[in-house]
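Student: Chains as they are written, first to last, in our numbering: chain E, 47 to 160; chain H, 1225 to 1339. Shown below is the structure under consideration.
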């Protein structure tokens, strides 16, 4: 069975400082991993995905994530936060052969202050 | 661009009412999904469908049913709404293929309140 743990329910950073949102996963097989973002009153949007092609994945809006199999982690980072990054972020795992079913973490709310 | 639309953004119903939530996607995706989103719990899968008239239970199917009569449309039905079904409901669609890397595309959500 697959699962995801987002280690922080809430992260607050100042504008212009780095962002780190932490995610650990558990999977019986070689998983694919995703980060989705949800802005207030909006649907979920894909930020980036890992599919075993490269361990460092670049996404939209300057975000990137590194897959570390030895640590079973897939942390999301951004060098410099912007006010528009304030949103909820979900780490997601998927395994093959399950109709592409996704298992979501509980989410991390990112607050960006001036 | 993939578009997933949901029939209502906000819905208020009374306990015991039958509730229909409709979802339509325009990208000819085989798979469609219904989730509910609650604070601190993330998204939990209610039902999914991998083909017309085919459905499978997700993690929390109790109290819900679904219908998929056409490929582009997937309906979630609350046979007798209860207050504990007050939640945000999200529909998604995605390609088939049995691979893990097919992402899902989400609609804007329906916030359902059951009084």
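Think of the CB as a built atom: it goes at the ideal place given N, C-alpha and C, for glycine as much as any other residue. Computed from a predicted model, the values in this text were never measured in an experiment.
1. Give the residues of chain H in contact with residue 89 (chain E), contact being defined as C-beta atoms less than 8 Å apart.
2. For the beta strand (DSSP E) containing residue 71 (chain E), name the first residue and the last one.
3. Would you say the region 1235-1247 of chain H touches the region 75-83 of chain E, given that touching needs at least three Cβ pairs under 8 Å?
4. Measure the alpha-carbon distance for residue 1269 (chain H) versus residue 1259 (chain H) and round it to whole angstroms.
5. Taking the straight line between their C-alpha atoms, what separation do you get for residue 1248 (chain H) and residue 130 (chain E)?
6. With three or more C-beta pairs closer than 8 Å as the rule, is the region 92-106 of chain E touching the region 1323-1338 of chain H?
7. Under a Cβ-count criterion, where at least 16 other Cβ atoms within 10 Å of its own Cβ denotes burial, should residue 82 (chain E) be classed as buried or exposed?
8. Are there any heavy atoms of the ligand MN lying less than 7 Å away from the beta-carbon of residue 133 (chain E), as far as the coordinates show?
9. Once the 5 residues before and after residue 1276 (chain H) are set aside, which same chain residues still bring their CB inside 8 Å of it?
10. Could you name the residues that DSSP lists as bridge partners for residue 96 (chain E)?
11. Alpha carbons only, please: which of H:1228, H:1235 and H:1230 is nearest the one belonging to residue 1311 (chain H)?
12. Interface residues of chain H around residue 120 (chain E) at Cβ under 8 Å?
13. Flag residue 92 (chain E) as yes if its beta-carbon sits less than 8 Å from any beta-carbon of chain H, otherwise no.
14. Measure the alpha-carbon distance for residue 1274 (chain H) versus residue 1336 (chain H) and round it to whole angstroms.
15. Is any beta-carbon of chain E found at less than 8 Å from that of residue 1327 (chain H)?
16. Once the 5 residues before and after residue 1304 (chain H) are set aside, which same chain residues still bring their CB inside 6 Å of it?
17. Per DSSP, which one or two residues make a beta bridge with residue 1296 (chain H)?
18. Let's test the definition: count the other Cβ atoms within 10 Å of the Cβ of residue 1253 (chain H) and tell me whether it reaches 16, buried, or not, exposed.
19. Would you mind working out which of E:123, E:150 and E:159 sits nearest residue 50 (chain E), comparing C-alpha positions?
20. Would you verify that the beta carbon of residue 152 (chain E) is, or is not, closer than 8 Å to some beta carbon of chain H?
21. Taking the alpha carbon of residue 70 (chain E) as the point to measure from, which residue in E:58, E:111, E:57 and E:99 has its own alpha carbon closest?
22. Beta carbon of residue 1282 (chain H), beta carbon of residue 152 (chain E): below 8 Å?
Tutor: Reading it off the structure:
1. Start at 1 with the first residue of the first chain, and residue 89 (chain E) comes out as number 43. Chain H residues near residue 89 (chain E): 1228, 1314, 1330, 1331, 1332 and 1333.
2. On the first chain, position 25 is the one that residue 71 (chain E) refers to. Annotation for residue 71 (chain E): the continuous beta strand (DSSP E) segment containing it runs 69-72.
3. With a cut-off of 8 Å, the region 75-83 of chain E and the region 1235-1247 of chain H do not count as touching, because too few Cβ pairs lie within range.
4. Locating residue 1269 (chain H) in the second chain gives position 45, where the first residue counts as 1. Locating residue 1259 (chain H) in the second chain gives position 35, where the first residue counts as 1. So the two alpha carbons sit approximately 4 Å from each other.
5. Looking up residue 1248 (chain H) in the second chain gives position 24. Looking up residue 130 (chain E) in the first chain gives position 84. CA-CA distance, residue 1248 (chain H) to residue 130 (chain E), rounds to 29 Å.
6. Yes: at least three Cβ pairs fall under 8 Å.
7. What you label residue 82 (chain E) is simply residue 36 of the first chain in a count that begins at 1. Within 10 angstroms of the beta-carbon of residue 82 (chain E) lie 16 or more other beta-carbons, which makes it buried.
8. The ligand MN is not among the ligands present in this structure, which contains no ligands whatsoever.
9. Along the second chain, one-based indexing puts residue 1276 (chain H) at 52. So the list reads 1292, 1293, 1294 and 1295, once near-sequence residues are dropped.
10. Reading the first chain from its first residue, position 50 is the one you call residue 96 (chain E). Paired residue(s): E:79.
11. Taking the second chain and counting its residues from 1, one reaches residue 1311 (chain H) at position 87. Relative to the Cα of residue 1311 (chain H), the nearest Cα in the group H:1228, H:1235 and H:1230 belongs to H:1235.
12. Within the first chain, the letter at position 74 stands for residue 120 (chain E). Neighbourhood of residue 120 (chain E) in chain H, by CB distance below 8 Å: empty, with the nearest CB roughly 13 Å away.
13. Residue mapping note: residue 92 (chain E) aligns to position 46 of the first chain, counting from 1. At least one chain H Cβ lies under 8 Å of residue 92 (chain E).
14. Working through the second chain from its first residue, we reach residue 1274 (chain H) at position 50. Working through the second chain from its first residue, we reach residue 1336 (chain H) at position 112. Cα to Cα, residue 1274 (chain H) sits roughly 25 Å from residue 1336 (chain H).
15. Taking the second chain and counting its residues from 1, the one referred to as residue 1327 (chain H) is at position 103. Chain E, which has a Cβ nearer than 8 Å to the Cβ of residue 1327 (chain H), makes this yes.
16. For the purposes of this step, residue 1304 (chain H) is taken as the residue at position 80 of the second chain. Within the same chain, residue 1304 (chain H) has close Cβ partners 1240.
17. Working through the second chain from its first residue, we reach residue 1296 (chain H) at position 72. Bridge partners of residue 1296 (chain H): none, in fact.
18. In the second chain, the residue the question calls residue 1253 (chain H) occupies position 29. Label assigned to residue 1253 (chain H): buried.
19. As a first step, residue 50 (chain E) is located in the first chain; it is residue number 4 there, counting from the start. Proximity to residue 50 (chain E) across E:123, E:150 and E:159 peaks at E:150, based on C-alpha coordinates.
20. For this step, residue 152 (chain E) is matched to residue 106 along the first chain. With 8 Å as the cut-off, residue 152 (chain E) counts as an interface residue toward chain H.
21. Walking along the first chain from the start, residue 70 (chain E) turns up at place 24. Considering only alpha carbons, the answer is E:111.
22. Taking the second chain and counting its residues from 1, one reaches residue 1282 (chain H) at position 58. Taking the first chain and counting its residues from 1, one reaches residue 152 (chain E) at position 106. Not closer than 8 Å, so no.
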